[in-house]
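> Structure provided below as structure tokens; questions to follow.
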Amino acid sequence: MSLLLAGLLVVAGCGGGAGSAATPDAPTGPPQRGGELVVLEDAAFAGGWPTGLDPATNTTGGANISQMSAIYGGLFRLQADEDGSNAEVVPHQAESYELLDGGQTVRITLRDGITFTDGTPFDAEAVAFNFRRAIESPCTCSPTWPLAENGITTDGPLTVVLQFTRPYAAVINAFPVSNVNWIASPTALETLGEEQFKVTPVGAGPFTVVSNQLSSELVLERNPDYFREGLPYLDTLTFQSIGGDQPAYQALLAGQAQAYEGLSTTPLLEQAQSAGRLTVTVQPATSPYVVQLNTKTAPFDDERAREAIYRATDFAAISQGLFRGQDYPVSQMFTAPGGLFHHETVEGYPTYDLERAKELVTELGGLTVKLGTLGNYVAEQVMTALQTQWQDAGITVDIETYELSTLVQQFTSGEWQAMLQTAGAWDPAAGVGVGFRFAATSPFSGVADPELDRLLDAAAATIDPAERERLYVEAGRLISDNAYAPFGLAFAPANLAVEGVYGPGLTTKIPPIVVNTGVLWDEVWRVQQ
């Protein structure tokens, strides 16, 4: 997941029984200022930040969007109505932007008067400096901008100009999932040095760092000079790493914390909803699962092996069997109902056909597959179900789960065969969207298809939403026609909060921008006892 790494990976979904929100109380008055909040994060994903919290050196930045946003704020942010509708990326520390030359030039104008917490100016030179560092970052959250030579410049004290070699109209929607969104103080970086800065970073966000134990605990306090008057509401915000959904759930019930991001263990989700002691908010699905197939190496360099996986896979049965008919929609392409350009079906998609799968395996003289995924309840359950289905078709299957950092290593080594991952983002061109999984230039892709690259580049380039949708539909059909990777059910994790805690993305719905929703921490508050 830095998206993946965040990104990388985990789950998405919505609706039905598990898609409803249990809200034992609702605020009866305006937000209150003060108090502290302890937020739990799963150690296998958002609760790990082993390389620190410098946007340019944090290799798991896509998973750490909450921590990064709390410290740095963000040039742009994704917001939505309380029910998750009308989602849009809006300027935050940026005041406005312009797309010129059909999207080949981008002008970003900053809000006047913002300062970093070390007192230095948050200006165009600082932002341009950060952009240049961010694009060289090892993080999967680093953008793949088609920059022209000297493509990052400034125009006065508050305007940054990006010049691309081709139109890239999706650039603004991609900001909230990328490290270019988080602007660090150049002065503090120079003064502290990278090794110290990654532990005690300095930004211009709603909170400042008090202490930081990597992948364990991050303690933040209110930034008194935050540019949004009256915000943040909280005095203290603490992120604590915890070993999964079950201990997190018990810690909330025991009063040891007040919120948890990313619950995906469905029995616990049902229990929490039934008990009514916590606010349970299941976020809108933006990404279906996908079985990524590494077409660059055996056995999936043979289309017959890929089709065998399609024909042996019945995601509808998995959804029914594992989730008892709860509404986790199955998609045949890289979109889900909570994101842009969603289409549930693809013309000509190779659907489940056990007899055809067996025929293909026989033609191949047998098929052995190593299938991996990120350690996560739903992902592991789905992977085990896939193993059973594939074995019914005569496919030998070895399965393995990974921690996020190890998963990244598997992808970058190129020595993987099949991975159960998520396949999209709120905007398919952003973050761990379709290009992340299918573009030839991505280290997290098992596909190298020039025509698919052309379609994805064209969809990201155009300003016209209708044309973008047409291109993505065509890309989905191309993936299907070549049996590059079967798509599956969409399941979104839930956020939990104790009674008296409220805030956008925590107790309201905002479509996930990577795996978890981007909670707007400056607006989170709790009732003071």
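Here the sequence shown stands for residues 494 to 1022, where the numbers follow the working numbering. Quick reminder that beta carbons are idealized off the backbone N, C-alpha and C, glycines included. The structure displayed is predicted, hence computed values, not measured ones.
Go ahead and pull the three-state DSSP assignment for G567.
In this structure, G567 counts as coil in the three-state DSSP scheme.
> Determine, using beta carbons only, whether A539 and W1014 come nearer to each other than 7 Å.
The answer is no: Cβ separation not under 7 Å.
> According to DSSP, which residues form a beta bridge with Q785?
Q785 pairs with M912.
> Buried or exposed for E629, going by 16 or more other Cβ atoms inside 10 Å?
Its Cβ having fewer than 16 others within 10 Å, E629 is exposed.
> Can you grab the Cα-Cα spacing for the pair A809 / P822, in whole Å?
A809 and P822: Cα-Cα distance of roughly 8 Å.
> Is it the case that the region 973-981 contacts the region 797-804, given that we only count it when at least three CB pairs across the two stretches are under 8 Å?
Cβ pair count under 8 Å is three or more, so yes.
> List the residues that DSSP assigns as beta-bridge partners of R600.
E591 and V654, per the DSSP bridge assignment.
> Report the rounded CA-to-CA distance for V653 versus I645, giving the unit in angstroms.
C-alpha separation (whole angstroms): 7 Å.
> With a threshold of 16 other CB atoms inside 10 Å of the CB of V1012, please say whether the residue is buried or exposed.
Classification of V1012: buried, given that the 10 Å Cβ count is 16 or more.
> May I ask which residues mark the beginning and end of the beta strand (DSSP E) holding Q733?
Here the beta strand (DSSP E) through Q733 covers T729 to I735.
> For Y719, which residues from the same chain have a beta carbon less than 6 Å from its beta carbon, with the 5 sequence-adjacent residues on both sides left out?
Counting only Cβ-Cβ distances below 6 Å, and skipping sequence neighbours, we find P699.
> Could you tell me whether the region 663-673 touches the region 625-641, using the rule of 3 or more Cβ pairs below 8 Å?
Touching, per the Cβ criterion.
> Is N672 helix, strand or coil when you go by DSSP?
It is helical.
> Bridge partners of F700, per DSSP?
The partner list for F700 (beta bridge, DSSP) reads R715.
> Rank T779, P694, P520 and W883 by C-alpha distance to the C-alpha of R849 and give the top, closest one.
With distances taken between Cα atoms, R849 lies closest to W883.
> With a CB to CB cut of under 6 Å and the five nearest residues on each side skipped, what residues in its chain are close to T1010?
Cβ within range, chain order: Q776, G998 and I1003.
> Can you tell me which of the three DSSP states W638 falls into?
Three-state DSSP puts W638 in coil, outside helix and strand.
> Can you tell me the Cα-Cα spacing of G527 and L727, whole angstroms?
The alpha-carbon atoms of G527 and L727 are separated by roughly 5 Å.
> So the alpha helix (DSSP H) K1002 belongs to, where does it begin and stop?
That residue, K1002, is in no alpha helix (DSSP H); it is neither H nor E in DSSP.
> Contact defined as beta carbons within less than 8 Å: I believe R604 pairs with E591. What is the distance between those atoms, to the nearest angstrom?
Not a contact, Cβ separation roughly 16 Å.
> Pull up the CB-CB distance for V854 and I888, whole angstroms please, since I reckon it's below 8 Å.
Right, the Cβ-Cβ distance comes to about 6 Å (below 8 Å), so this counts as a contact.
> Near T701, which residues of its chain fall below 7 Å by C-beta distance, leaving aside the five closest residues on each side in sequence?
Cβ within range, chain order: T610, L713, E714 and N716.
> Out of F569, T693 and D547, state which residue places its alpha-carbon closest to the alpha-carbon of N623.
Among F569, T693 and D547, the Cα nearest to that of N623 belongs to D547.
> From V846 to A886, what does the alpha carbon distance come to, in whole angstroms?
Looking at the sequence shown, residue 846 is not Val but Asp. Looking at the two C-alpha atoms, the distance is approximately 9 Å.
> At a cut-off of 6 Å, would you count R715 as near the ligand MG, judging by its Cβ distance to the nearest heavy atom?
Within the structure as shown, the ligand MG is missing, as the structure has no ligands at all.
> Taking contact to mean at least 3 C-beta pairs separated by less than 8 Å, is the region 858-878 in contact with the region 892-911?
In short, these stretches touch, since the Cβ pair count reaches three.
> Could you tell me which residues DSSP puts in a beta bridge with K1032?
Absent from the model: residue 1032. The displayed extent of the chain is 494 to 1022, so no value can be given.
> Give the DSSP bridge partners of A752, in chain order.
For A752, which the question treats as bridged, DSSP gives the partners V532 and A990.
> Give the single residue among A798, V839 and G596 whose Cα lies nearest to the Cα of P660.
It is G596 whose Cα lies nearest to the Cα of P660.
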